[in-house]
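Note that full-length UniProt numbering numbers the sequence shown so that position 138 is 138, with each residue one more than the last. Glycine included, each C-beta is placed from N, C-alpha and C at the ideal position. To start, the structure under review is shown below, and the notes come after it.
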Amino acid sequence: MCVYCNAGIFGGVRDSTWSSMRNMVIPLYQPARLAGLIPTMQSYVDALVDNIAGCPDQDCIPFCQLSLCMAIDIIGKTAFGIEFGLSRKAADTAAGDDGDGDDDDDVKEFLREYKKSMEFIKMDLSSSLSTILGLFLPCVQTPCKRLLRRVPGTADYKMDQNERRLCRRIDAIIAGRRRDRDAGDGAALDFIAALLDARESGGGGHGGFALEDRHVRALAYEHLIAGTKTTAFTVSSVVYLVSCHPRVEERLLREIDGFAPRGRVPGADELHAGLPYLNQVIKEAMRFHLVSPLIARETSEPVEIAGHLLPKGTYVWLAPGVLARDAAQFPEPEEFRPERFAAGAAEERARHPYAHIPFGIGPRACVGHRFALQQVKLAAVGLYRRYVFRHSPAMESPLQFDFDLVLAFRHGVKLRAIKRTNT
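Here it is in C-alpha cells:
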C-alpha cells in the first residue's frame with residue numbers, strides 16, 4: 001500500500017479511528033446511492049459492447065484489456081468525477097497503444113502513474129526487496145521499505161517516486177472537486193465529492209474523528225486500486241467460463257432475454273433480485289477464479305487457533321482459494337456448476353457460511369462489494385444481450401495466472417465474439 005495514502009480503511013489507521021472512518025464510508029455504498037450510479041455505469045458498459053463490435057479481429061477479442069478500460073472509466077467518473085476516456089481509446093489500447101484517455105496531459109499522467117502503481121503491487125520474487133522480505137519476515141518489511149525507498153535505483157525507490165506523483169495528482173483532483181463544490185457546480189455523485197460533503201456537513205465526525213485531506217486522498221486511492229483490476233478480472237472470468245459451458249450459457253441467455261426488453265437498462269432491484277441465475281454464475285466464477293488469493297490480517301490481541309497460541313501483532317495469511325476448492329464444501333470443486341449457489345439448494349444449505357468469502361469476512365470485508373457486483377451484473381447483461389462468446393484459437397489452454405494481491409490472467413482472455421441474431 002502506498003505510504004503516502006495509508007490513512008484509509010485498508011491500512012494505516014486502526015482501532016477507533018478505523019471504525020469511525022468505516023462508519024462514515026459505508027453510507028456511500030448504500031443501495032439508494034448505488035442506484036443513482038447505474039446510468040453512468042451503463043454508459044461505459046455500452047462503450048465496452050461497441051468496442052467489441054469495433055475490434056478489427058472478431059476471432060481474437062482482447063477482452064481483458066477492453067473490460068479494464070470499462071472498469072477504470074467507471075471508477076474515474078464515479079470516484080473522481082473525471083472522464084478518463086479509455087473506453088473511447090480502447091481500439092488503440094488493443095493495438096498496443098498506451099491508451100491514456102483523452103488529450104488532457106494531467107489525465108494521461110494520472111493514468112500512467114496508476115498503471116505503474118498496479119505493476120508494483122506484487123507478491124512474488126519479482127517484487128521489491130522489502131516486499132520479498134515481508135513475505136518471510138513481515139516484521140522487517142516496514143523498516144526495510146523506509147530505508148530502501150531512499151536508495152536511488154532500487155524498486156522501492158522507484159515505487160516511492162511514483163507514489164509521490166500519483167498522490168500529488170489525487171490531491172489536485174480533490175482540490176478541483178472542492179472548488180466545484182464551493183462554486184455550486186451541481187450535485188455531484190462521485191465518491192470524492194460525497195466525502196467532501198460528509199466532512200463539511202459533519203458526517204466525518206464519528207466518535208470525535210475528523211476527516212482530513214489525507215484521509216480523503218487515501219480513501220480515493222483505495223477506491224482506484226481496489227475497484228478496477230478486480231472488476232475487470234471478474235467480468236473476464238465470467239465470460240471465459242460461460243463461453244465453454246453451453247448449458248450454463250443457454251440458461252443465462254434465457255434469463256437475461258426474459259427479464260426485460262433489450263433496450264431497457266436493469267434497475268437496482270432487478271440487478272439485486274431479478275436475475276438469480278446470473279447471481280449464481282457470478283458467485284461460481286468468483287469461486288473458480290478467486291480474485292484475491294490471499295487475505296492478510298494482524299492479530300489485535302492474543303488468540304488461539306487450532307491449538308496454536310498467536311501473540312498480539314502476529315501476521316495471519318488467509319487463503320480463501322483453498323476453501324473455495326474444498327470438496328467437503330463444494331462437491332466436485334473442479335466442475336463449473338453455478339447451481340451449487342441456488343438459494344435453498346441442498347448444497348447451499350449444507351455449506352459453511354464462511355466457505356465462500358470473495359470479498360473477505362467480518363468488519364474488514366470489502367465495503368464496496370455492492371458497487372463491484374452492480375458493475376459486473378450490468379456488464380454481463382449488456383454483453384449477452386448482443387453477443388455470445390467462444391474461446392479464440394489464440395487462447396492458451398490451460399490458463400496461466402499471475403498471483404499478486406489481485407489475481408490476473410497472465411496472457412489475458414482472448415475470445416471470439418458472435419453477434420446474436422434473435423435479439
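CB-CB length for residue i against residue j, believed under 8 Å
i	j	result
Glu-222	Ile-9	7 Å
Cys-144	Leu-135	No, Cys-144 and Leu-135 are not in contact; Cβ-Cβ is about 12 Å, not under 8 Å.
Arg-165	Glu-113	5 Å
Ala-183	Leu-28	With 8 Å as the limit, Ala-183 and Leu-28 do not qualify as a contact, their Cβ atoms being about 22 Å apart.
Val-238	Val-281	6 Å
Ala-220	Ile-192	5 Å
Val-13	Met-24	That pair is no contact at about 12 Å.
Thr-40	Lys-77	5 Å
Glu-347	Pro-331	7 Å
Leu-378	Val-45	5 Å
Gln-329	His-352	6 Å
Leu-196	Arg-177	6 Å
Ile-174	Arg-217	6 Å
Arg-199	Leu-189	The pair is not a contact, with the Cβ atoms about 17 Å apart (cut-off 8 Å).
Ala-342	Pro-333	Incorrect: roughly 17 Å between the Cβ atoms, too far for contact.
Residue from the options whose Cα sits closest to the Cα of residue i
i	options	result
Ser-128	Thr-154, Lys-115 and Gly-382	Thr-154
Val-381	Ala-345, Ala-32, Ile-38 and His-352	Ile-38
Val-406	Met-21, Asp-190 and Ser-117	Ser-117
Leu-323	Phe-288, Val-316 and Glu-335	Phe-288
Pro-398	Lys-377, Gln-161, Pro-338 and Cys-244	Cys-244
Glu-298	Leu-318, Ala-306 and Asn-279	Leu-318
Leu-383	Arg-340, Pro-338, Gly-263 and Val-291	Gly-263
Leu-86	Thr-78, Val-107 and Ser-20	Val-107
Tyr-387	Arg-150, Gln-141, Glu-250 and Ile-75	Glu-250
Arg-337	Leu-241, Trp-18 and Ala-273	Leu-241
Leu-147	Pro-138, Ser-130, Cys-139 and Pro-62	Ser-130
Ile-418	Cys-366, Ile-52 and Gln-42	Ile-52
Leu-275	Ser-300, Val-376, Cys-366 and Cys-60	Val-376
Gly-370	Arg-420, His-272, Thr-314 and Ala-328	One point to set straight first is that residue 370 is Arg, not Gly, in the sequence displayed. Nearest C-alpha to Arg-370: His-272.
Ile-74	Phe-330, Ile-295, Leu-224 and Phe-409	Leu-224
Thr-314	Asp-197, Thr-421, Pro-138 and Pro-152	Pro-138
Pro-302	Lys-312, Leu-294, His-308 and Ala-296	Lys-312
Ala-296	Asp-404, Arg-149, Met-159 and Asn-162	Asp-404
Pro-320	Glu-339, Ile-361 and Ala-342	Ile-361
Leu-34	Glu-396, Gln-400 and Gly-368	Gly-368
Ser-43	Ala-71, Ser-19 and Pro-56	Ala-71
Tyr-277	Arg-149, Glu-339 and Leu-310	Glu-339
Arg-169	Arg-150, Asp-105, Glu-304 and Gln-400	Asp-105
Glu-109	Ala-172, Leu-253 and Ala-365	Ala-172
Leu-111	Leu-294, Arg-364, Thr-228 and Leu-310	Thr-228
Leu-290	Phe-359, Phe-259 and Gly-267	Phe-359
Pro-293	Asp-402, Lys-115, Ala-350 and Glu-304	Asp-402
Glu-284	Phe-259, Asp-156, Val-248 and Ala-268	Val-248
Leu-252	Arg-150, Phe-80 and Arg-385	Arg-385
Ala-268	Met-159, Gly-344 and Ala-32	Ala-32
Boundaries of the beta strand (DSSP E) in which residue i is found, first to last residue
i	result
Ala-408	407-409
Ala-220	From DSSP, Ala-220 is part of no beta strand (DSSP E) but of the alpha helix (DSSP H) over 213-226.
Phe-401	401-403
Ala-394	No beta strand (DSSP E) contains Ala-394, which DSSP labels as neither H nor E.
Leu-415	414-419
Terminal residues of the alpha helix (DSSP H) in which residue i lies
i	result
Tyr-387	Here Tyr-387 belongs to no alpha helix (DSSP H); instead the beta strand (DSSP E) covers 387-391.
Leu-275	That residue, Leu-275, is in no alpha helix (DSSP H); it is neither H nor E in DSSP.
Asp-156	155-182
Ala-355	Segment: none, Ala-355 is in no alpha helix (DSSP H) and carries neither H nor E.
Arg-150	Unbroken run through Arg-150: none, as it is neither H nor E.
Gln-65	63-80
Ala-210	It is not in any alpha helix (DSSP H) - Ala-210 carries neither H nor E in the DSSP assignment.
Leu-133	129-136
Ser-87	Here Ser-87 belongs to no alpha helix (DSSP H), and DSSP marks it neither H nor E.
Phe-191	191-200
residue 430	No information on residue 430 is available, as it lies outside the stretch 1 to 423 that the chain covers here.
Phe-233	229-243
Residue-level contact to chain D via CB, residue i, 8 Å cutoff
i	result
Ile-361	Here there is only one protein chain, and chain D is not present.
Secondary structure, alpha helix (DSSP H): runs of 4+ residues fully inside the region 283-350: Entirely contained in the region 283-350, the alpha helix (DSSP H) runs reaching 4 residues are, in chain order, 320-324 and 346-350.
Cβ contact (3+ pairs, closer than 8 Å) linking the region 378-398 and the region 413-422: Three or more beta-carbon pairs drawn from the region 378-398 and the region 413-422 are found closer than 8 Å, and the two stretches are therefore classed as touching.
The region 54-68 contacting the region 229-236, beta-carbon criterion three pairs below 8 Å: Remark: three or more beta-carbon pairs, one from each stretch, lie closer than 8 Å, so the region 54-68 and the region 229-236 are flagged as touching.
Length at least 4, wholly inside the region 13-51: the alpha helix (DSSP H) runs in chain order: Segments of the alpha helix (DSSP H) lying fully in the region 13-51: 15-25 and 31-36.
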